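Asker: Chains as they are written, first to last, in our numbering: chain A, 1 to 205; chain B, 206 to 410.
There are 2 protein chains.
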Amino acid sequence: MLTLHDDPISGNGFKIRLLLAFMGTPYHYNAYDILKGETHTPEFLSTINPGGRIPVLELDDGRRLVESNAVLTYLAEGTSWIPSDPFTKAQMMSWLFWEQYSHEPNIATLRFWKHLPELSDVQKAQLLSKRSAGEAALALMEMQLSHTDWLVGNGPTLADIALYAYTHVAEEGDYDLSSYPAVQAWISRIAALPNYVSITDKDRD
Amino acid sequence: MLTLHDDPISGNGFKIRLLLAFMGTPYHYNAYDILKGETHTPEFLSTINPGGRIPVLELDDGRRLVESNAVLTYLAEGTSWIPSDPFTKAQMMSWLFWEQYSHEPNIATLRFWKHLPELSDVQKAQLLSKRSAGEAALALMEMQLSHTDWLVGNGPTLADIALYAYTHVAEEGDYDLSSYPAVQAWISRIAALPNYVSITDKDRD
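(1) Excluding sequence positions up to five away, which residues of its chain have a Cβ less than 8 Å from the Cβ of B:SER215?
(2) What separation, rounded to the nearest whole angstrom, lies between the Cα atoms of A:ALA191 and B:SER273?
(3) Quick one: which chain A residues come within Cβ less than 9 Å of B:TYR306?
(4) Can you tell me the Cβ-Cβ gap for B:PRO361 and B:LEU398, rounded? I've got them flagged as a contact below 8 Å.
(5) According to the Cβ coordinates, are A:ALA90 and B:LEU270 closer than 9 Å?
(6) Does any CB atom of chain B fall closer than 9 Å to the CB of A:ARG204?
(7) Helix, strand or coil, according to DSSP, for A:GLU99 in the structure here?
(8) Return the chain-ordered list of same chain residues with a C-beta closer than 6 Å to the C-beta of A:LEU18, the five sequence neighbours on each side being excluded.
(9) Could you give the first and the last residue of the continuous beta strand (DSSP E) run that contains A:LEU2?
(10) Could you check whether B:PHE227 and B:TRP286 sit closer than 9 Å to each other, using their CB atoms as the reference points?
(11) Could you compute how far the alpha carbon of A:THR79 sits from the alpha carbon of A:TYR175?
(12) Short of 7 Å in beta carbon distance, which residues of its chain neighbour A:THR39, apart from the five on each side in sequence? Order them along the chain.
(13) Helix, strand or coil for B:ARG394? Go by DSSP, reduced to three states.
(14) Please go through the same chain and pick out, in chain order, the residues whose beta-carbon is closer than 8 Å to the beta-carbon of B:ARG316, but skip the five residues on each side of it.
(15) What residues in its chain sit with their C-beta under 6 Å from that of A:ALA213, if we drop five residues either side in the sequence?
(16) Could you give the first and the last residue of the continuous beta strand (DSSP E) run that contains A:GLU58?
(17) Excluding sequence positions up to five away, which residues of its chain have a Cβ less than 6 Å from the Cβ of B:SER351?
(18) Secondary structure at B:LEU270, three-state DSSP: helix, strand or coil?
(19) Using only CA atoms, which one of A:LEU4, A:PRO105, A:ILE199 lies nearest to A:LEU127?
(20) Within a Cβ cutoff of 6 Å, which residues of the same chain sit near B:TRP300, ignoring the five residues on either side of it in sequence?
(21) Report the residue from B:SER325, B:HIS308, B:ALA330, B:TRP318 whose alpha carbon sits nearest the alpha carbon of B:ALA342.
(22) For A:ARG63, which residues in chain B fall below 7 Å Cβ to Cβ?
(23) Establish whether the CB of B:GLU282 and some CB of chain A are separated by less than 9 Å.
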């Protein structure tokens with residue numbers, strides 16, 4: 001059986017949990033607390049991921065994969081979560097890379113920083129530019145989603161799962177989603193899909 | 206024929222130029238100067254990319270694709286630049302996402318900032334943390350490449366092209382590659398591949 005090494009607060013981990021739920025694939029769940037340094041212990045670094053990050057997908061045979069969006073493409077190969085048309089598939093890939101470069105470092109990071117006891121000077125210096133870049137990312141999604149129900153093609157794909165993960169909890173980083181009505185409608189559309197699970201489903205409490 | 210909208214100094218653009226050269230695929234080249242704002246003109250935003258970024262690949266029929274690594278996966282579909290084994294392919298995808306999240310924002314950015322007349326306070330505040338994250342990225346590559354000739358599998362893949370682009374010019378951002386001998390050997394290996402072109406091949410001067 002698959003094992004997911006993850007922290008329940010992670011949106012990157014939630015992408016994988018959500019896809020596995022939609023696909024009806026069972027898996028073991030190993031939880032680590034990033035804020036307690038549990039992904040930087042000598043044991044984690046030597047046996048799970050030398051990069052010190054979650055999520056990590058471990059296969060039956062012990063091989064491991066890192067990078068949430070790469071794990072999504074691996075798990076979804078051959079399913080309708082990846083469009084069969086080459087151009088539509090490439091558009092989906094564009095959203096996945098854009099998510100890691102232009103969305104996650106701004107929207108996920110401001111949410112994560114709310115969990116820290118205090119911000120460093122370097123973090124404080126970036127607050128305004130990250131907020132502005134996060135708003136630009138939401139505006140680009142709004143532009144797309146005011147024309148189409150899903151980010152690419154005619155149905156939900158990995159692009160929707162990957163972008164949903166941190167967008168639907170953006171308000172935890174003080175983003176106001178009421179300015180993005182098409183994004184809000186898309187969030188409701190995803191949450192209504194069969195087998196949907198919530199990001200708090202794996203919380204330890 | 207394909208058209209690549211690009212700035213010759215862009216390592217993200219160079220990834221695509223290098224793959225097209227390796228594949229022997231001809232293409233039109235439209236050059237823009239980022240530093241002169243040529244990717245933020247009303248015309249560029251309305252006809253090339255509303256995101257205001259290069260590179261953009263334009264197909265024969267006018268459809269356009271953004272995000273350099275997504276363009277690579279589109280162009281290389283069905284070739285040996287993408288491993289056929291599903292797990293090896295997923296490892297390649299991990300490197301592509303890692304490049305955009307952990308490598309490019311540190312190694313490419315410090316190179317790009319050298320081209321600016323002066324740095325903003327926010328940029329100055331990030332110099333040390335970006336340098337440190339860039340060194341960590343190079344160290345992770347060194348760890349892999351001291352065991353294997355290529356980042357994944359037994360031959361060059363898109364992972365090597367994507368990581369090569371900004372790594373081989375990292376010294377322009379004041380990174381010292383002499384501390385990373387396995388990375389240096391890998392750089393020489395890529396530059397020796399048939400049909401290799403250099404990053405300055407499209408310079409306007």
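Note that the Cβ used here is the ideal one computed from N, Cα and C, for glycine as well.
Every value quoted in this text rests on a predicted model; they were computed, and no experiment measured them.
Answerer: If we stick to the structure as given:
(1) Translated into the one-based positions of the second sequence, residue 215 of chain B becomes position 10. Only ILE239, ILE259, PRO260 meet the Cβ criterion.
(2) Indexing the first sequence from 1 puts residue 191 of chain A at position 191. Indexing the second sequence from 1 puts residue 273 of chain B at position 68. Between A:ALA191 and B:SER273, the C-alpha separation is close to 31 Å.
(3) Here residue 306 of chain B is taken as the residue at index 101 of the second sequence, counted from 1. Per Cβ cutoff of 9 Å: GLU67, GLN100, TYR101, GLU104, PRO105.
(4) Position 156 of the second sequence, counted from the start, is the residue given in the question as residue 361 of chain B. Position 193 of the second sequence, counted from the start, is the residue given in the question as residue 398 of chain B. B:LEU398 and B:PRO361 do touch by the CB rule: their CB atoms are close to 6 Å apart, below 8 Å.
(5) Here residue 90 of chain A refers to the residue found at position 90 when the first sequence is read from its first residue. Here residue 270 of chain B refers to the residue found at position 65 when the second sequence is read from its first residue. With respect to B:LEU270, A:ALA90 sits close: the two C-beta atoms are nearer than 9 Å.
(6) Residue 204 of chain A sits at position 204 when you count from the first residue of the first sequence. Only weak support is given to the placement of A:ARG204: the predicted model assigns it a pLDDT of 48, under 50, and the value that follows is read from those uncertain coordinates. No, because no Cβ of chain B sits closer than 9 Å to the Cβ of A:ARG204.
(7) In the first sequence, residue 99 of chain A corresponds to position 99, counting from 1. It is helical.
(8) As a first step, residue 18 of chain A is located in the first sequence; it is residue number 18 there, counting from the start. The beta carbon of A:LEU18 is closer than 6 Å to those of ILE161 in its chain, skipping five residues each way along the sequence.
(9) Numbered from 1 along the first sequence, position 2 holds the residue referred to as residue 2 of chain A. Taken as a continuous stretch (DSSP letters only), the beta strand (DSSP E) holding A:LEU2 covers 2–6.
(10) Here residue 286 of chain B corresponds to residue number 81 of the second sequence, with the count starting at 1. Here residue 227 of chain B corresponds to residue number 22 of the second sequence, with the count starting at 1. Cβ atoms of B:TRP286 and B:PHE227: closer than 9 Å.
(11) As a position in the first sequence, residue 79 of chain A is number 79, starting the count at 1. As a position in the first sequence, residue 175 of chain A is number 175, starting the count at 1. Near 33 Å, if we compare the C-alpha coordinates of A:TYR175 and A:THR79.
(12) Working through the first sequence from its first residue, we reach residue 39 of chain A at position 39. If you ignore the 5 residues before and after A:THR39, its C-beta comes within less than 7 Å of the C-beta of TYR32, GLY52, ARG53, ILE54, all in its own chain and listed in chain order.
(13) Against the second sequence, residue 394 of chain B aligns to sequence position 189. Annotated three-state conformation of B:ARG394 is helix, per DSSP.
(14) As a working note, residue 316 of chain B is residue 111 in the second sequence. Result list for B:ARG316: GLY216, TYR371, VAL374, ALA375, GLU377, GLY378, in chain order.
(15) Residue coverage of chain A in this structure runs from 1 to 205, which leaves residue 213 of chain A outside it and unanswerable.
(16) Taking the first sequence and counting its residues from 1, one reaches residue 58 of chain A at position 58. Note, A:GLU58: beta strand (DSSP E), 56–58.
(17) On the second sequence, position 146 is the one that residue 351 of chain B refers to. Here the set comprises ALA387.
(18) The residue labelled residue 270 of chain B in the question sits at position 65 within the second sequence. Three-state result, B:LEU270: strand.
(19) Indexing the first sequence from 1 puts residue 127 of chain A at position 127. The residue with the shortest Cα to Cα distance from A:LEU127 is A:PRO105.
(20) The count along the second sequence starts at 1 and reaches residue 300 of chain B at position 95. In the same chain as B:TRP300, and ignoring 5 residues on each side of it, the C-beta atoms closer than 6 Å to its own belong to LEU356, ALA364, in chain order.
(21) Start at 1 with the first residue of the second sequence, and residue 342 of chain B comes out as number 137. Out of B:SER325, B:HIS308, B:ALA330, B:TRP318, B:HIS308 has the C-alpha closest to the C-alpha of B:ALA342.
(22) Numbered from 1 along the first sequence, position 63 holds the residue referred to as residue 63 of chain A. What A:ARG63 touches in chain B: PHE292.
(23) On the second sequence, residue 282 of chain B is found 77 positions in, with the first residue counted as 1. Under the Cβ distance rule, B:GLU282 counts among the residues neighbouring chain A, one pair being separated by less than 9 Å.
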